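*Asks:*
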Ligand SMILES: *Cc1c(COP(=O)(O)O)cnc(C)c1O
């Protein structure tokens with residue numbers, strides 16, 4: 013094939029948000045409406061999110077990081093507590109635990125799925141363990157049935173970091189239809205559905221939903237909507253220290269529009285992912301994604317792992333691709349290698365995490381990508 017001769021004028025990015033004129037119009041309508049934060053569009057986005065996911069309650073917030081922080085505050089995680097999470101995740105996963113004063117304890121992953129290995133949970137459970145923060149990494153659901161069994165045995169709460177997992181399915185159900193106590197989503201532009209910045213917490217627990225709603229708005233006893241519609245003078249109280257984690261109505265309006273297009277986003281990602289797998293699965297030095305039969309990923313990212321001699325050449329391969337105007341990313345980061353969490357203890361225990369971090373590679377995947385761009389990427393990788 014002479015695919016390599018396809019002229020690529022600009023860099024092929026690793027990801028790109030898909031935002032169009034419908035989103036522009038939705039934002040302008042909000043700006044002209046006079047209500048620009050945590051108002052009618054936020055309420056509508058929450059309702060539509062709940063009906064899409066099939067959950068009872070959705071609570072919109074300013075990001076997935078604040079969603080996770082709020083989830084831990086809502087269940088009373090604090091100083092002296094430990095929360096188990098993977099190190100192989102964006103650093104916000106561990107940070108959300110640290111914000112509460114609790115300590116993140118890292119569990120190793122299963123190298124084939126990049127998710128927490130349920131068999132490695134018990135070795136990190138202690139009398140101080142309060143919760144497990146499960147990550148559905150790059151949109152592949154973690155082994156929830158096994159994780160929940162361990163959690164139930166030890167009386168631990170399970171929170172899901174579903175930042176990357178919108179539209180992903182586990183046992184035939186969308187992630188967010190709670191398996192754990194709460195699931196937290198991200199709408200950062202790097203994710204499949206974006207609102208610029210934004211997050212959502214889903215739960216089936218009415219009391220928790222109510223508490224999340226208060227905490228996101230300074231723990232105010234009456235919402236702005238209630239006060240706005242009140243026919244009698246009413247005064248709110250602030251019974252504890254809350255936060256300002258509100259989502260704006262401009263963001264929610266974008267989210268509603270994006271939610272309407274999510275099915276097409278997912279279809280296109282799954283199409284390109286299947287195309288990558290078909291083309292790369294016979295390369296002996298490339299490990300394509302391993303998908304358990306009860307999981308249907310959304311392919312938030314398409315990540316491969318280099319094996320054999322190629323594993324040590326990952327960075328050189330990335331450089332080679334960059335020179336061909338193909339942008340790639342190193343694997344998911346290992347949080348335990350960053351200064352706030354660095355320790356020899358974790359480095360010597362998280363061997364699968366280290367291996368994934370050192371040898372995996374994220375290839376470009378975005379809605380507007382073309383087949384010829386993908387063919388060019390595939391051929392460039394083959395001939396690296
Ligand atoms: C992106 C991401 C986050 C943070 O999401 P924000 O909305 O940017 O705060 C947290 N966890 C994981 C696994 C992520 O990928």
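Numbering (this note's numbering), first residue to last: 13 to 396. Beta carbons: idealized from backbone N, C-alpha and C, even for Gly. Bear in mind that the values here come from a model prediction, so they are computed numbers and not experimental data.
Rank 315, 41, 271 and 37 by C-alpha distance to the C-alpha of residue 206 and give the top, closest one.
*Replies:* 271
*Asks:* Alpha carbon to alpha carbon, how far is residue 74 from residue 202? Give it in angstroms, no decimals.
*Replies:* Taking the straight line joining both Cα atoms gives about 15 Å.
*Asks:* So residue 163 and residue 144 are supposed to be a Cβ contact under 8 Å. How far apart are they, rounded?
*Replies:* Right, the Cβ-Cβ distance comes to about 6 Å (below 8 Å), so this counts as a contact.
*Asks:* I'd like the span of the alpha helix (DSSP H) that includes residue 268, first residue to last.
*Replies:* 261 to 292
*Asks:* To which residues of the same chain is residue 288 closer than 6 Å at the C-beta, ignoring the five residues directly before and after it?
*Replies:* Same-chain partners within the cutoff: 314.
*Asks:* Report the rounded CA-to-CA distance for residue 15 versus residue 301, giving the unit in angstroms.
*Replies:* Annotation note: pLDDT 47 at residue 15 (below 50); position unreliable, no value reported.
*Asks:* What residues match up with residue 91 in a beta bridge as DSSP calls it?
*Replies:* Beta-bridge pairing links residue 91 to no other residue.
*Asks:* Can you tell me which of 53, 171 and 381 puts its alpha carbon nearest to the alpha carbon of residue 41?
*Replies:* 53
*Asks:* For residue 181, which beta-bridge partners are listed by DSSP?
*Replies:* BP columns for residue 181 point to 186 and 308.
*Asks:* Are there 16 or more other CB atoms within 10 angstroms of the CB of residue 69, so buried, or fewer, so exposed?
*Replies:* buried
*Asks:* Between the Cα of residue 182 and those of 154, 169 and 170, spot the shortest distance and give me the residue it belongs to.
*Replies:* 154
*Asks:* Examine the Cβ distances between the segment 82 to 98 and the segment 56 to 67 and report whether three or more of them are shorter than 8 Å.
*Replies:* no
*Asks:* Out of 198, 377 and 339, which one is the CA nearest neighbour of residue 213?
*Replies:* 198
*Asks:* With residue 142 as the anchor, note down where its beta strand (DSSP E) starts and where it stops.
*Replies:* 141 to 147
*Asks:* Decide if residue 13 is buried, meaning its Cβ has at least 16 other Cβ atoms within 10 Å, or exposed.
*Replies:* Unreliable positioning characterises residue 13 in this predicted model, as indicated by a pLDDT of 41, which lies under 50. The coordinate reading is nonetheless provided below. So residue 13 counts as exposed.
*Asks:* Might you give, ordered along the chain, the residues of its own chain that have their beta carbon closer than 6 Å to the beta carbon of residue 99, omitting 5 neighbours on each side?
*Replies:* 118, 346, 347, 348, 362 and 365
*Asks:* Comparing alpha-carbon positions, which option in 259, 376, 65 and 242 lies nearest residue 437?
*Replies:* The structure shown does not extend to residue 437, since the chain is modelled only from 13 through 396, so no value can be given for it.
*Asks:* Check residue 101 in the structure and name its three-state DSSP category.
*Replies:* Collapsing the DSSP output to three states places residue 101 in coil.
*Asks:* Residues bridged to residue 373 by DSSP?
*Replies:* Its beta-bridge partners are 316 and 342.
*Asks:* Taking 8 Å as the cut-off, does the CB of residue 348 come closer than this to any heavy atom belonging to ligand 1?
*Replies:* no
*Asks:* For residue 299, which beta-bridge partners are listed by DSSP?
*Replies:* Answer is 317.
*Asks:* Does the beta-carbon distance from residue 23 to residue 339 come in below 9 Å?
*Replies:* yes
*Asks:* If I follow the unbroken alpha helix (DSSP H) through residue 64, where does it start and stop?
*Replies:* 52 to 65
*Asks:* Less than 6 Å between C-beta atoms, sequence neighbours within five positions excluded: which residues of the same chain meet that for residue 112?
*Replies:* 84, 89 and 90
*Asks:* Determine the extent of the beta strand (DSSP E) in which residue 115 is found, giving its start and end residues.
*Replies:* 115 to 119
*Asks:* Secondary structure at residue 384, three-state DSSP: helix, strand or coil?
*Replies:* helix
*Asks:* Would you mind giving the Cβ-Cβ distance between residue 28 and residue 378, rounded to the nearest angstrom? I have them listed as a contact below 8 Å.
*Replies:* The distance from the Cβ of residue 28 to that of residue 378 is about 4 Å, consistent with a contact at the 8 Å cut-off.
*Asks:* Give me the Cα-Cα distance between residue 190 and residue 66, rounded to the nearest whole angstrom.
*Replies:* In this structure, the alpha-carbon of residue 190 lies about 9 Å from that of residue 66.
*Asks:* Quick check: the Cα distance between residue 141 and residue 114, rounded to an integer number of angstroms?
*Replies:* 10 Å
*Asks:* Can you tell me which residues form a DSSP beta bridge with residue 173?
*Replies:* 147 and 196
*Asks:* Taking the alpha carbon of residue 369 as the reference point, which residue from 120, 116 and 72 has its own alpha carbon closest?
*Replies:* Checked all of 120, 116 and 72; the closest Cα to residue 369 is 120.
*Asks:* With a threshold of 16 other CB atoms inside 10 Å of the CB of residue 238, please say whether the residue is buried or exposed.
*Replies:* Exposed, because fewer than 16 other Cβ atoms sit within 10 Å of the Cβ of residue 238.
*Asks:* Does the beta-carbon of residue 250 have 16 or more other beta-carbons within 10 angstroms, so that it is buried, or is it exposed?
*Replies:* exposed
*Asks:* Residues with a Cβ closer than 6 Å to any heavy atom of ligand 1, in chain order?
*Replies:* The set of residues with a C-beta under 6 Å from any non-hydrogen atom of ligand 1 comprises 75, 76, 77, 101, 102, 104, 105, 147, 173, 175, 176, 198, 200 and 211, given in chain order.
*Asks:* Quick check on this structure: which residue in 149, 218, 228 and 129 has the alpha carbon closest to the alpha carbon of residue 374?
*Replies:* 149
*Asks:* With DSSP collapsed to three states, give me the class of residue 156.
*Replies:* helix
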